[in-house]
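Chemist: Take the sequence shown: its letters are residues 23 to 786, numbered as in this note's numbering.
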Amino acid sequence: MRDFNETTAFALDRNSRTQSSKMKPSPRRGFNVQRLILWVVLLLSSIIFLALAALPVGREVTAAISISVVGVAFILARLAQRSWHARTITVLLLAFVSFRYLFWRVTGTLPPVDDLVDFIPGITLFIAESMSFVLFLTSLFVIIDPMKREPCPPTGEPETWPSVDVFVPSYNEDPELLETTLAAAVSIDYPRGKLNVYLLDDGGTDAKVSQADPVAAAAAQERRRVLTALSERLGVTYMTRPRNEHAKAGNLNHAFHRTRGDLVLILDADHVPTVDFLRCTAGFFQQDERLFLVQTPHFFVNPDPVEYNLGTFERMPSENEMFYYSIQPGLDRWNGSFFCGSAALLSRRALEEVGGIAGDTVTEDCETALELHSRGWRSVYLPRPLIAGLQPETFDSFIAQRSRWTQGMIQLFLLKNPLLKRGLTLPQRLCYLSTMLYWFFWFWRPVFLLAPLGYALFGLEIYRVNLADFACFVVPHVVAAAYLAQMLHGRMRWPLFSELYEYLQSFHVSRAAIATILRPRNPVFKVTAKGQSVDQDGFSPLAGPFIVTTFLLSVGLGLCAYRYALFPEHRMAIVPVAVWNLLSLILALGGLAVVYERKRVRRQERFGVERHATLAFADGAVIDATLTDVSAGGVGLRVLAQHTDRLDPSMTDVPVLVIHPGEDEGAGAPVSTGVKILRVEKQGGDLVVGAGFAPRGRQDTTDIARFVFGDSGEWDNWLGAKRGGAPTFLGGFLFFATRVLPRLGHVLVALPGALGRMLTFRGL
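1) When we look at the beta-carbon of Glu343 and count the other beta-carbons within 10 Å, is it buried (16 or more) or exposed?
2) Apply the 10 Å Cβ neighbour rule to Val190 and answer buried if 16 or more other Cβ atoms are within range, or exposed otherwise.
3) Output needed for Asp722: all residues of its chain with C-beta closer than 6 Å, excluding positions within five of it in sequence on either side, in chain order.
4) So, at 6 Å on beta carbons, what are the nonlocal neighbours of Gly226 in its own chain, with the 5 sequence-adjacent residues on each side left out?
5) Grab the span of the alpha helix (DSSP H) containing Ala654 for me, first residue to last.
6) At what residues does the alpha helix (DSSP H) containing Pro474 begin and finish?
7) What are the start and end residues of the beta strand (DSSP E) that includes Val798?
8) Expressed to the nearest angstrom, what Euclidean distance is found between the alpha-carbon atoms of Lys44 and Phe299?
9) Going by DSSP in three states, Ile699 sits in which element: helix, strand or coil?
10) Could you name the residues of the same chain whose beta carbon sits closer than 8 Å to that of Ile89, not counting the 5 residues immediately before and after it, in chain order?
11) Here's a check: name, in chain order, each residue in its chain whose Cβ is nearer than 8 Å to the Cβ of Asp559, leaving out the five neighbours to either side.
12) For Phe462, I'd like the list of residues in its chain whose CB is within less than 7 Å of its CB, leaving aside the five on either flank, ordered along the chain.
13) Quick one: grab the DSSP three-state call for Ile379.
14) Report yes if the C-beta of Arg585 is less than 7 Å from at least one heavy atom of the ligand FAD; otherwise report no.
15) What runs of the alpha helix (DSSP H), each 4 residues or longer, lie entirely inside the segment 219-247?
16) Using DSSP with H/G/I as helix, E/B as strand and the rest coil, what is Ile288?
17) Taking Arg400 as part of the beta strand (DSSP E), name the residues at either end of that continuous run.
18) Quick check: the segment 360-368 against the segment 522-538, are at least 3 beta-carbon pairs closer than 8 Å?
19) Ordered along the chain, which non-local residues of its own chain (more than five positions away) have a Cβ less than 6 Å from that of Leu581?
20) Report yes if the CB atom of Ala366 is closer than 8 Å to the CB atom of Pro184, and no otherwise.
21) Among all the DSSP beta bridges, which residues are the ones paired with Ala691?
22) How big is the Cα-Cα spacing for Phe32 and Leu659?
23) Note down, in chain order, each residue of its chain lying with its Cβ closer than 6 Å to the Cβ of Trp602, except the 5 sequence neighbours on either side.
24) From Val644, Gly656, Ser672, pick the residue whose C-alpha is nearest to that of Leu662; which is it?
25) Pull up the DSSP beta-bridge partners for Tyr347, would you.
26) When the Cβ atoms of the segment 151-170 are set against those of the segment 341-356, are three or more pairs found closer than 8 Å?
27) Using the C-alpha atoms, what's the distance from Phe715 back to Gly655?
28) Cα-Cα, which of Leu441, Arg718, Glu386, Phe141 is closest to Ser456?
29) By Cβ distance, which residues of its chain are closer than 7 Å to Pro671, with the 5 residues on each side in sequence left out?
30) Verify whether the separation of the beta carbon atoms of Ser253 and Leu222 is less than 8 Å.
31) Gly272 lies in the alpha helix (DSSP H); which residues open and close that run?
32) Could you round the C-beta distance between Tyr220 and Val258 to whole angstroms and report it? I think they count as a contact, below 8 Å.
33) Where are the alpha helix (DSSP H) runs, 4 residues long or more, that stay fully inside the segment 483-546, in chain order?
34) In chain order, which beta strand (DSSP E) runs of at least 3 residues are fully inside the segment 708-770?
35) Which residues bound the alpha helix (DSSP H) around Val186?
36) Between the segment 318-332 and the segment 371-379, do three or more beta carbon pairs fall short of 8 Å?
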C-alpha cells in the first residue's frame with residue numbers, strides 16, 4: 023500500500039480538493055512557505071514514526087505495544103466510515119505494527135551471509151517480502167480516500183451535446199456475440215445524429231482475405247461478408263483495414279483517423295452497453311475541457327474459472343470488483359484512474375495530441391492514459407456498471423488473458439517507468455507504480471507459498487524464528503494486515519481468495535513475465551478466447567504445477583510432524599514452519615479444486631426475471647406466460663399444461679413473444695420478437711418452455727438488446743445483492759473451506775489418472 027508520509031501530506035491538503043465530480047483547471051502553485059513548513063513537519067513526523075517502529079525492545083514490551091496498537095485501531099475503525107481522520111489514524115496505527123515486523127525481519131531473522139546455503143534462499147524470501155511491502159504501502163496511499171462519483175448527464179439542448187463515435191473492435195468473435203453488442207450500441211439513448219457505431223473487423227482485413235492459405239482466405243472472406251451484412255442490417259458502419267498491424271491499438275487508430283466524433287466510446291466485442299451509457303458519462307466532458315477519459319467498470323455476467331469451479335459467483339464479490347470498486351475510485355482521488363481498454367469514453371482532442379491510442383506495449387489502454395496524464399489531462403472514474411461483459415470460461419483462456427496483462431504492465435514498468443516519466447504529479451507516480459508493482463506477484467506469491475519447504479524438506483534455516491518471536495511479531499503483523507485490507511476494501515475482498523487468484527496465475531504467467539523482462543519490446547498480443555466450453559469434468563491441461571506443489575506441501579507437513587516428534591529440542595522452531603506449511607497447503611488445495619474443471623457447456627448466461635408475457639400465433643391464438651429467465655439467446659417461460667399441443671418444438675410456426683413492462687415501468691412499451699420453441703418439460707401443473715430468439719428484423723434485435731442488457735440500475739442492484747456483508751477473517755476462512763473441501767473428493771479420484779498422463783507426457 024502507499025507511503026505514509028505522502029499519504030499524510032496529501033491528506034492534510036485534502037480539503038483544498040473538490041469532493042464533487044466537477045474538475046476545474048487549477049493554477050500552478052509557486053513557492054509557498056506554509057507548504058514548506060507542512061512538508062518539514064511531515065518529514066520530522068515520519069522520522070519519529072519510523073524511529074519508534076524500529077525501537078529495539080524486549081518481547082514482552084513488543085507484545086504489549088502490538089496488542090495496544092491493534093486494540094486502539096479496532097476501536098477507531100468503528101469511526102472510520104464516518105470520519106476520514108479516524109480512518110487515516112487507524113491506517114497509520116495498523117501500519118505501525120507492520121513496520122515493526124519489517125525492522126525485526128531485517129535485524130533478527132536473516133541467515134548469516136557466510137552461510138550461502140541458507141542465505142541465498144533466505145534473502146530471496148526477504149526480497150519477496152520487501153516487494154510486497156512496497157506494494158502494501160503504495161496501495162494504502164491509493165485507497166485511503168476513494169472518490170465517490172455520481173452519473174453526470176449532458177446538459178443543454180441535445181444539438182449542443184458532443185458527438186460520439188462508438189468503436190467495437192473485433193478479431194475472431196462469433197457473429198451472434200457481435201450482434202448483441204452492436205444492437206445494444208445502436209440502442210444507446212442519445213440523439214441519433216450525434217451517435218455513430220463502427221464495427222472494426224480485424225478478422226477480415228485485406229491481408230487475411232488475400233493470404234496464401236486458401237482455406238484461411240475463404241474463412242476471412244466469409245467473415246467479411248457475414249459481418250458486412252450484419253452491419254447493414256443494424257445500421258452500423260463496417261470497417262476493416264489493409265493489414266493487421268499493432269494489434270488492437272492499430273485497429274482502433276485506423277478507425278480513429280477516419281472518423282470525426284468529439285468523443286470516442288470503446289467497447290470490447292463482448293461488452294454490451296446499457297442504454298444510459300452516454301447519459302451517465304458524456305456530461306463530464308462538458309464540465310472539464312481538460313478531461314480525456316471517463317472509465318466505467320467492467321461488469322461480467324458469467325463466472326470466471328475460479329468462481330465457476332468453486333461455486334462462488336453468486337455468493338461473494340468477483341475478483342475484478344476489488345479493482346473496479348475499491349482501487350479505481352482510490353486512483354480517481356489522485357487523478358490517476360486509467361483507461362482499461364473498454365467501457366470507456368475518451369476525448370478525441372486529447373487522443374489527437376498523442377497521435378491516437380498508444381501501441382508500444384500490449385496494454386495499450388494503460389499506456390495511453392499514462393501518456394495523457396503526463397501531459398496534464400485529467401481522468402474520471404464512474405463506479406456504475408454500464409456494460410455487461412464476458413470473462414474467460416476455461417482456465418487456459420484465463421491464464422492467456424492474465425499473461426497478456428502481466429506482459430503489458432511489466433513492459434510499461436521497464437519502458438515508461440512512472441517514477442521517471444516527466445509531467446506526472448507525485449501522487450500519479452505512486453498510483454501507476456502501485457498498479458505496475460502488483461503484476462510482479464508471480465515472483466513473491468510462489469516464494470511465500472513454498473518457503474516452508476526449505477526447512478521441512480532440507481532443514482534450511484532461511485527464516486530464523488522461534489515460537490515466542492512468531493507470536494510477538496508475525497501474528498500481530500498478519501492480524502493488522504488482514505484487518506487493514508478488510509477495512510479499506512470493505513466487502514470487495516474476502517480472506518484467502520485474492521491469494522488464491524495470485525497463486526493460480528503465478529506459475530504460468532511467470533514465463534511470460536520473465537520473457538518480457540529479458541526482451542521487453544517483443545511480447546505478442548493474443549486475443550482472449552470467450553464463449554469456450556468444458557465438455558466434461560477433468561483437470562485442466564495447465565494443472566501440472568499445482569498437482570506437484572500440493573504433493574510437495576503435503577510431504578512437507580508430514581516431515582514437520584516427523585521432526586516435531588523426533589527432535590523435541592527444536593519444537594519452538596518447528597511449530598511456526600508447520601503453521602506456515604499448513605496455510606500454504608490449504609491454498610494449494612484450493613488451487614487443485616479450481617484446476618479440476620467442472621463441465622461447462624452453456625454459451626450464454628441466464629438471469630432470473632419475473633414478467634408477464636404472451637405468445638401470439640399466426641392463427642390469432644394467444645397464450646399467457648410468465649417469463650422466468652432471459653439470456654442474450656433466448657428466454658425461459660412457464661405456461662399452463664393445457665397448451666402442450668401448441669408448444670411442440672418440431673412445429674414450423676414461429677410465434678411472437680410479447681414481454682409486457684413490469685410494474686415499476688408504468689406504461690412502458692412492451693418488447694416483442696419472434697421466438698423458436700426449443701424444449702418443453704412438464705413440471706407440476708405447468709410447462710417449462712425454453713425458447714430461442716428469432717428476431718423478425720432490426721427492431722426486434724435492438725429491442726432484445728435493450729431488454730436484456732439495457733438497464734444499468736438492474737446491474738447495480740444485482741451487484742449490491744451479490745456482495746452482501748464481508749465476513750470476518752475466521753468466517754472468510756470457513757467459507758473458503760466450504761467451497762474447497764466438497765470438491766476434493768472428485769479431485770482425489772481423478773488425481774492418479776492426471777499423474778499418469780503427466781508422467782507419460784514426460785516419457786517416464
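Quick reminder that beta carbons are idealized off the backbone N, C-alpha and C, glycines included.
Modeler: Checking against the coordinates, here is how it stands:
1) buried
2) buried
3) Thr695
4) Ala242, Arg245, Arg246, Thr262
5) Taken as a continuous stretch (DSSP letters only), Ala654 belongs to no alpha helix (DSSP H), as it is neither H nor E.
6) Segment 474-480, the alpha helix (DSSP H) holding Pro474.
7) Because residue 798 is not part of the residues shown, which for the chain are 23 to 786, the question remains open.
8) Annotation note: pLDDT 42 at Lys44 (below 50); position unreliable, no value reported.
9) strand
10) Pro498, listed in sequence order.
11) Tyr618, Glu619, Arg620, Lys621, His768, Ala772
12) Met153
13) In the structure shown, Ile379 sits in coil (DSSP, three-state: anything other than H, G, I, E or B).
14) With respect to the ligand FAD, the structure shown offers nothing to examine, as it has no ligands at all.
15) If we require 4 residues or more, the alpha helix (DSSP H) runs fully inside the segment 219-247 come out as 228-231.
16) Strand, per DSSP.
17) 400-403
18) no
19) Ala478
20) By the CB criterion at 8 Å, Ala366 and Pro184 fall outside the cutoff.
21) Under DSSP, Ala691 shares a beta bridge with no residue.
22) In this prediction, Phe32 has a pLDDT of 35, which is less than 50 and means its spatial position is unreliable; what the coordinates show is noted afterwards. So the alpha carbons of these two residues sit roughly 56 Å apart.
23) When the five nearest sequence neighbours on each side are left out, the beta carbons in the same chain lying within less than 6 Å of the beta carbon of Trp602 are those of Pro474, in order along the chain.
24) Val644
25) Tyr347 is not bridged to any residue.
26) yes
27) 6 Å
28) Leu441
29) Ile699, Leu700, Arg701, Val702
30) no
31) For Gly272, the uninterrupted alpha helix (DSSP H) segment begins and ends at 269-278.
32) Rounded, the Cβ-Cβ distance is 7 Å, consistent with contact.
33) 497-511, 519-540
34) 708-715
35) Not the alpha helix (DSSP H): Val186 falls in the beta strand (DSSP E), residues 186-192.
36) Taking one beta carbon from each stretch, the segment 318-332 and the segment 371-379 have fewer than 3 pairs nearer than 8 Å; the two do not touch.
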